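The sequence shown maps to residues -19 to -1, 1 to 303 in mature numbering (1 follows the signal peptide of the UniProt record, and there is no 0). Note sheet for the following structure.
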Amino acid sequence: MKLLSSLVAIVLAVAVVEASNVHEERSHSARHAHIARRGSSSSKRCKVKSSSSFPHTTSTTNNPPTSTYVAPTTSVAAAPASTPVANYVDDSKSSVKGAIAGLISVKSKCGDIGATKDITAVSGPNGNIDWLNCGLNDGGWRPPFVHISDLIAADLSTAIKDKSSPFKACSEYIGLFEKYGGEFNVPPIMLASFAMQESSCNPATVGGAGEQGLMQITKDKCGSAPGGNCKDPDYNIRTGAQFFSDTLNSNGGDVLKTIGQYNGWSPQLTFGQATAAASTSCCRCQNNLDYLHQFVNGWLQNVDAYTMRPRLGKYFNLDQCD
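Following this line, the structure appears as structure tokens:
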């Protein structure tokens, strides 16, 4: 009897020890899982933004992306194809096709234009980003001379019929873009493109420096606004169109220079000057170095320059401001 009692006692003791080990193992696993979750969540906290690198590159220096043009091997969106034909979206392939035929053809003092039929991250029918940004990384921006008539662009009234047109956001204002485009001799799609690039066609938009409305016109141009409302779409679009037209004329018809100036660019602008505000309290006061490419190879082609993948551009210098 005593022997049986001893055996029972031993068995119970072993069971208690094993249960304790299992509990400890589970407790350790639970702590490990908690730490792993905490580590994962901490990676989603606000990161320290570096002024010496951009998300698009693995470089840890403040050197700009190289300007060597490499012909794209794959296309993401097809460029416009024939003058009178509207853009349309082939949902089965997720690619944009149609609109205007041809590639830009002008005399170049900045090497290969690099225009491509397909719209890629760095090129399109109006040239490669390095050509558009000529000199930016080497002594200062030297905008290639291009007349407004040289640009490959879709027709706004046709483009808006595309069910996936980014200009659906501007539907309410198409008539105004056409009215003032005609009055100031500016293609309506160019005015609508400024509105999309600057405000996503939201008339209530106020910029970081107080820029107003659809066209993000500066406060100094608001003196004649009806009731002092500089965001009034009619006034805003007309003022933006007149400003662009006047600037284009003063630039002798140099449209790339004029488009750049709308975003604060100026001839001889350098990479360092354009990004100088990155480390200040006004990070978004930088010049968007992908602006020209997004404008002429995105919006003017009836392609959403902000949602296309891969993204249009290579600098993405405003990303660090988010």
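Every residue, glycine too, gets a C-beta built ideally from N, C-alpha and C. Just so it is clear, the structure is predicted and the values come from calculations on it, not from any experiment.
- Counted as a single uninterrupted DSSP element, the alpha helix (DSSP H) harbouring F175 occupies residues P169 to S180.
- Taking all protein chains shown into account, S226 has 16 or more neighbouring C-beta atoms within 10 Å of its C-beta and is therefore buried.
- Going by DSSP, H128 is part of no alpha helix (DSSP H) at all; its letter is neither H nor E.
- Checking the DSSP bridge columns, you'll see I198 partnered with Q193.
- Looking at the backbone, the Cα of I240 and that of S86 are separated by about 18 Å.
- The Cβ atoms of E179 and Q197 lie closer than 8 Å to each other.
- K212 sits close to A185, with the two beta carbons spaced by under 8 Å.
- With respect to the C-alpha of D235, the residue from R290, N118 and I129 having the closest C-alpha is I129.
- The residue among N298, W246, Q249 and M171 with its C-alpha nearest the C-alpha of V277 is M171.
- Look at D93 here: in three-state DSSP terms it is coil, with no helix or strand label.
- Taking 8 Å as the upper bound for CB-CB distance, G294 and Q275 are in contact here, some 6 Å apart.
- Taking all protein chains in view, the Cβ of Q249 is surrounded by fewer than 16 other Cβ atoms within 10 Å, so the residue is classified as exposed.
- The residue from F126, D111 and L281 with its alpha-carbon nearest to that of L229 is F126.
- Only residues of its own chain outside the window of five on either side were considered, and among them A60, P61, I81, G83, L84, I85, A96, T97, K98, I100, I133, N278 and Q282 have a CB closer than 8 Å to the CB of P106, listed in chain order.
- D111 counts as buried, since no fewer than 16 other beta carbons sit within 10 angstroms of its beta carbon.
- Looking at the DSSP output, V187 bridges to Q193.
- By the neighbour-count criterion, in which a residue is buried when 16 or more other Cβ atoms sit within 10 angstroms of its Cβ, S262 is exposed.
- Between K238 and P124 a beta carbon distance of about 4 Å is seen, short of the 8 Å cut, so the two are scored as contacting.
- Note that the C-beta distance between C182 and A190 is not below 8 Å.
- In this structure, L117 places its C-beta atom within 8 Å of the C-beta atom of T251.
- In the DSSP assignment, S152 falls outside any alpha helix (DSSP H), carrying neither H nor E.
- Just so you know, the alpha carbons of T139 and F148 end up roughly 11 Å apart.
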